[in-house]
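Residue numbers (the numbering used here), protein chains in the order written: chain A, 1 to 340; chain B, 1001 to 1340.
Glycine residues also receive a C-beta, built at the ideal position from the N, C-alpha and C atoms.
There are 2 protein chains.
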Amino acid sequence: MVKIALDAMGGDYAPQEIVAGGVMAVKELEVEVVLIGREDEIRKELENHDTSGFPLSVVHTDEVIEMTDHPATAAKTKKRSSMHVGMRLVKNGEADGFVTMGNSGGALATALFVLGRIPGVKRPALATIYPTIKGYTFLLDIGANADCKPEYLHQFAIMGNIYVRDVLGVKNPRVGIISNGEERGKGNKLVLDTVPLLESTPDLNFIGNVEGKDVARGVADVVVMDGFTGNVLLKGSEGIAWMLGKMIEQEVKKSPVAILGALLMKGAMKKVLARTDYKEYGGAPLLGVNGNVIVGHGRSNRIAVRNAIRVAKSMTERGVIESIGKHSGIIGRTKDEIDD
Amino acid sequence: MVKIALDAMGGDYAPQEIVAGGVMAVKELEVEVVLIGREDEIRKELENHDTSGFPLSVVHTDEVIEMTDHPATAAKTKKRSSMHVGMRLVKNGEADGFVTMGNSGGALATALFVLGRIPGVKRPALATIYPTIKGYTFLLDIGANADCKPEYLHQFAIMGNIYVRDVLGVKNPRVGIISNGEERGKGNKLVLDTVPLLESTPDLNFIGNVEGKDVARGVADVVVMDGFTGNVLLKGSEGIAWMLGKMIEQEVKKSPVAILGALLMKGAMKKVLARTDYKEYGGAPLLGVNGNVIVGHGRSNRIAVRNAIRVAKSMTERGVIESIGKHSGIIGRTKDEIDD
């Protein structure tokens, strides 16, 4: 049975929702879960659940990487953190994957420290699931690498392709690169230098440049970008969505008729929220680190935690790390070089 | 009286809405307007208006830079285009400013060709007015310069500061730089190298890094970025706003109750749209070119055209070009260098 280590201390609703999500997972997913964190707090939460007979265990540690911690510093100094302990289980083969809803930068830094990179991978990437009108798309890098080289973006595309194909089940994923214009030849130097690498990669369904406005239209299944651009795109989108919601709230409040209208629209609005909700997807992988690590949203509830565990299980079963490792021979090399 | 050359052929609703906007401007703004374009088409539109006694004239030219034209090529080859002709009027002192709703890349390329840069300015920038929960903020560059150097961003900040202070009337504008984290020290190499220049610029109210999610919160009045990031941020925001609107439409359609709710909310939603509407602001300047040039949205109606003319007039009256020229001595230099 696949065994997932779960960071019981990470996330806004830890340990309550994390423990509850872990319990859901063992009951529903045919998976073994190891809760990592302060044992007394975890045990107290477990009292609210009937877990007898389910493969659930606890590994105690008293340190936590907080959201306010500096990632690299925390990774180096907090060696008893729940992230360290959980990832060491993966490193030593005592767990197949690790799931956390904590500090994503801290998780990445700790993963690099404990697990290292998959041989051949130059830089790991932070990824996210981004809602579109058709479902979702997979974006990377969204913040791990503020400055990128073409080879990094090339690898992000290959890793994203494998993940989306094997874990999310998208056949022949459409892979694009974000740019300031959809025509070939549009882009900054990084994009212009990356496009030929993507075009000449065998078995990659590269569809070319993708404009910011077309991500939400669902034109691609995987979109690669440097981590600076990815962070700005993602947080800018969050900002606009927040603003529109706030403006609607402000304007509705001014009119009793509109308040009634809003009440009648509540069901429809809930469905819109559900379609843009991260909880369904549970979390996104740290792609390129030598172990299955899923980082979820800080605001994850038990359902998101359960789903993140499902994703980690699937990543294990589909052998994503092995596939990326196999492709490390062609990663960063063009078709001509491979044919040599 | 301030005299504005107006590109009658640029924009999705040209010449009808452009001519109508020009007519509104001469009637309402104490401004003289010169309509540039195919005279027969313009005269036909003018028949729908009573313009006798108002300072409105027509300069004929038969060429147009289309939205599909390649900017640099069009700027070089279409020398009888309405953009060329209008900007030559500015260059020769026959007009104080030029307004177009046409191809913004074409306008920038033509402006560089005809008007050149303000002495001392390294790169001109495309700017835009971006809606926020508090009103709006001024973003630049949004696409003119895909790759930037720190000196460019530094100049964008100084030019944006002058424009927002003198034309939009914001006292002591808060100037920020977009980054992947608000803490000092977060950023890509470009941001890290630009921040010290901004910090050491006298009379610049530099507030530091601004995250993508905080732009819409209205934390800054001016936000600078390279043109690649700006384009992705702007178009990504457009995409999300479109997606949310579309999702609401789709979900509402499924339920008669929600349809009724949407009808009752119509007034409130219209107010939200008005708050995010570009028409109020008319357009944004090409900052750094040696002449007052305002580029508006392709979908501009007559009101947006009128407002763009108002902005061009204000830019003239406030002497924005002269202010930027005066500051060209300190642009790109730090306080220490200036004190030398």
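- B:Gly1325 and B:Gly1160 do not touch by the CB rule: their CB atoms are close to 16 Å apart, not below 8 Å.
- Unbroken beta strand (DSSP E) runs of no fewer than 3 residues, entirely contained in the segment 1053-1121 of chain B, are found at 1056-1060, 1097-1100, following chain order.
- Contact between A:Ser179 and A:Val210 holds: CB atoms are separated by about 7 Å, below the 8 Å threshold.
- In the DSSP annotation of this structure, the continuous segment of the alpha helix (DSSP H) that includes A:Asp193 starts and ends at 189-199.
- DSSP places A:Glu32 in the uninterrupted beta strand (DSSP E) bounded by 32-37.
- Nearest CB-CB separation between A:Glu66 and chain B: not below the 7 Å threshold.
- Put simply, the CB of A:Ala146 is near chain B, with a gap under 7 Å to one of its CB atoms.
- CA-to-CA, the gap between A:Pro285 and A:Val59 works out to about 23 Å.
- Neighbourhood of A:Lys271 in chain B, by CB distance below 7 Å: Glu1251, in chain order.
- Counted as a single uninterrupted DSSP element, the beta strand (DSSP E) harbouring B:Asn1209 occupies residues 1206-1210.
- Spanning the alpha carbons of B:Arg1080 and A:Glu151 requires a straight line of approximately 45 Å.
- Looking at the DSSP output, A:Val295 sits in a beta bridge with A:Thr100, A:Ala284.
- Residues of chain A whose Cβ lies closer than 8 Å to the Cβ of B:Thr1229 are, in chain order, Phe228, Thr229, Val232.
- Contact between A:Val64 and A:His84 is absent: CB atoms are separated by about 10 Å, not below the 8 Å threshold.
- Rounded to the nearest angstrom, the gap between the Cα atoms of A:Ala20 and A:Glu41 is 13 Å.
- It is roughly 8 Å from the alpha-carbon of A:Val170 to the alpha-carbon of A:Asp221.
- Of all alpha-carbon atoms in A:Leu260, A:Ala146, A:Ala157, the one lying nearest the alpha-carbon of A:Ile207 is that of A:Ala157.
- For A:Ile309, there is no enclosing beta strand (DSSP E); the residue is found in the alpha helix (DSSP H) stretching over 302-317.
- Residue pairing of B:Thr1229 in beta bridges, as defined by DSSP: absent, with no partner found.
- Chain B has a Cβ within less than 7 Å of the Cβ of A:Lys235.
- Listed along chain B are Gly1239, Trp1242, Met1243, each with a C-beta nearer than 8 Å to that of A:Arg217.
- Segment contact: the segment 285-305 of chain A against the segment 1263-1282 of chain B, fewer than three CB-CB distances shorter than 8 Å; contact not assigned.
- Counting only the Cα atoms, B:Arg1088 lies some 40 Å from B:Val1272.
- Between A:Tyr130 and A:Leu139, the C-beta gap is smaller than 7 Å, which places the two residues in contact.
- Here B:Lys1122 really is in contact with B:Gln1155; their C-beta atoms are around 6 Å apart, less than 8 Å.
- With respect to B:Ile1294, B:Val1033 sits apart: the two C-beta atoms are not nearer than 7 Å.
- B:Leu1264 belongs to the set of residues whose beta carbon lies under 7 Å from a beta carbon in chain A.
- About 11 Å separates the beta carbons of A:Val26 and A:Lys313, which is beyond the 8 Å limit, so they are not a contact pair.
- Cβ atoms of B:Asp1007 and B:Gly1053 stay farther apart than 8 Å, at about 24 Å.
- Your pair B:Asp1069 and B:Asn1292 does not check out as a contact, with CB atoms roughly 23 Å apart and the cut at 8 Å.
- Within the segment 1165-1187 of chain B, those residues whose Cβ lies closer than 7 Å to any Cβ of chain A are, in chain order, Ile1178, Asn1180, Gly1187.
- Setting aside the 5 residues that flank it on each side, A:Pro173 is surrounded in the same chain by Asn161, Val164, Arg165, Asn205, Asp221, Val222, each with a C-beta closer than 7 Å to its C-beta; the list follows chain order.
- For B:Ala1258, the chain A residues whose Cβ falls inside 8 Å of its Cβ are Leu264, Met265, Gly267, Ala268, in order along the chain.
- Here A:Leu29 is near A:Arg310, since their CB atoms are less than 7 Å apart.
- Judged by DSSP secondary structure, B:Leu1153 falls within the alpha helix (DSSP H) whose first and last residues are 1150-1166.
- Contacts with chain A at 7 Å (Cβ-Cβ) do not include B:Ile1129.
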